[in-house]
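For the sequence shown, my numbering begins at 207 and goes up steadily by one. No residue lacks a Cβ here, since even glycine has one placed at the ideal position from N, Cα and C. Here the structure is a predicted model, which means the values were calculated and not measured.
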Amino acid sequence: MTEQDLTAVEALAAFARRHTDDRAVQALVDAATLELAGRTVVRPEQQLVPRRFVLRRSADPTGVSGLGDVADGVLWPDGTAAVRWRGEHPSAVHWDRGRVSVEMIHGHQGATEIVWLDQDDEPVVAPLPNANPAAASLRLRRVLDHALNKAVPCPKCKRTTTCGCVADRTESRIDAVLAALAPWLTDGTGSAA
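Given below as structure tokens:
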């Protein structure tokens, strides 16, 4: 491969290899990718998972989307994001600069908020069939912790943040915990216990 056949990233790496080791070269390429493309380089061994969210509108400045959960999204491990709009005229968009772009374009100065459905540091763990309760206890504790900290909507105004309603969210919290536990609640035959 001649120097003319190299991409800019490959040329940068080749130049850097003349002066430093491979680890420093990789760090330089990763930093350049983040600065220029706005995304993080994700390596296969990192075991990172996407993070789901919804766009929740409290006001609709454009009169197009409506109120409530107007779009579903995914923040990919490399920092990019994809959004799929709900409604009669759905569409999808991909943002290379991820959350920053989603908030800048669709936030409407706070009229729309990103509501995370997954925790930042919580890997997706599939329940083990016929799992031994002692072996699953750490995973189960993490699932419960996630469910207990999950934002639940107010039964009156549907907000997940503090609201002026005097609604009791206990039933919603119990539903969130049961939904998190459902895959673990089997009698060993695959049917619910």
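Looking at the strands, I want to know which residues DSSP matches up with H300. Walking along the sequence shown from the start, residue 300 turns up at place 94. BP columns for H300 point to A288.
With C-beta atoms as the reference, is V260 less than 7 Å away from V308? Numbered from 1 along the sequence shown, position 54 holds the residue referred to as residue 260. Numbered from 1 along the sequence shown, position 102 holds the residue referred to as residue 308. Cβ distance not < 7 Å, so V260 and V308 don't count as in contact.
Short Cβ contact (7 Å threshold) for V289 with V299: Indexing the sequence shown from 1 puts residue 289 at position 83. Indexing the sequence shown from 1 puts residue 299 at position 93. Yes, they are a contact pair.
Quick one: grab the DSSP three-state call for D228. Working through the sequence shown from its first residue, we reach residue 228 at position 22. Of the three classes helix, strand and coil, the one that applies to D228 here is helix, per DSSP.
Answer yes or no: do D211 and R257 have a C-beta to C-beta separation smaller than 7 Å? Position 5 of the sequence shown holds residue 211. Position 51 of the sequence shown holds residue 257. Contact: no.
Cross-strand partners of G279 (DSSP beta bridge): Start at 1 with the first residue of the sequence shown, and residue 279 comes out as number 73. According to DSSP, G279 bridges with F259, V289.
Whole angstroms is fine: what's the gap from P250's alpha carbon to D266's? Taking the sequence shown and counting its residues from 1, one reaches residue 250 at position 44. Taking the sequence shown and counting its residues from 1, one reaches residue 266 at position 60. Roughly 40 Å between the two C-alpha positions.
Helix, strand or coil: how does DSSP classify G316 here? Your numbering for residue 316 matches position 110 in the sequence shown. Reduced to three states, the DSSP call for G316 is helix.
Neighbourhood of V247 by C-beta, 8 Å cutoff - its chain only, sequence neighbours within 5 removed: Residue mapping note: residue 247 aligns to position 41 of the sequence shown, counting from 1. Excluding sequence neighbours, V247 sits near V235, D236, T239, L240, D284.
Under 7 Å between C-beta atoms of V231 and R224: Indexing the sequence shown from 1 puts residue 231 at position 25. Indexing the sequence shown from 1 puts residue 224 at position 18. No, they are not a contact pair.
Sort out for me which residues DSSP pairs G274 with in a bridge. In the sequence shown, residue 274 corresponds to position 68, counting from 1. Bridge partners of G274: R263.
D278 to H295, Cα distance in whole Å? Numbered from 1 along the sequence shown, position 72 holds the residue referred to as residue 278. Numbered from 1 along the sequence shown, position 89 holds the residue referred to as residue 295. When rounded, the distance between both Cα atoms is 14 Å.
Among G293, G269, D302, G272, nearest to L281 - alpha-carbon criterion: On the sequence shown, position 75 is the one that residue 281 refers to. Looking at the Cα atoms, D302 is the closest of the given residues.
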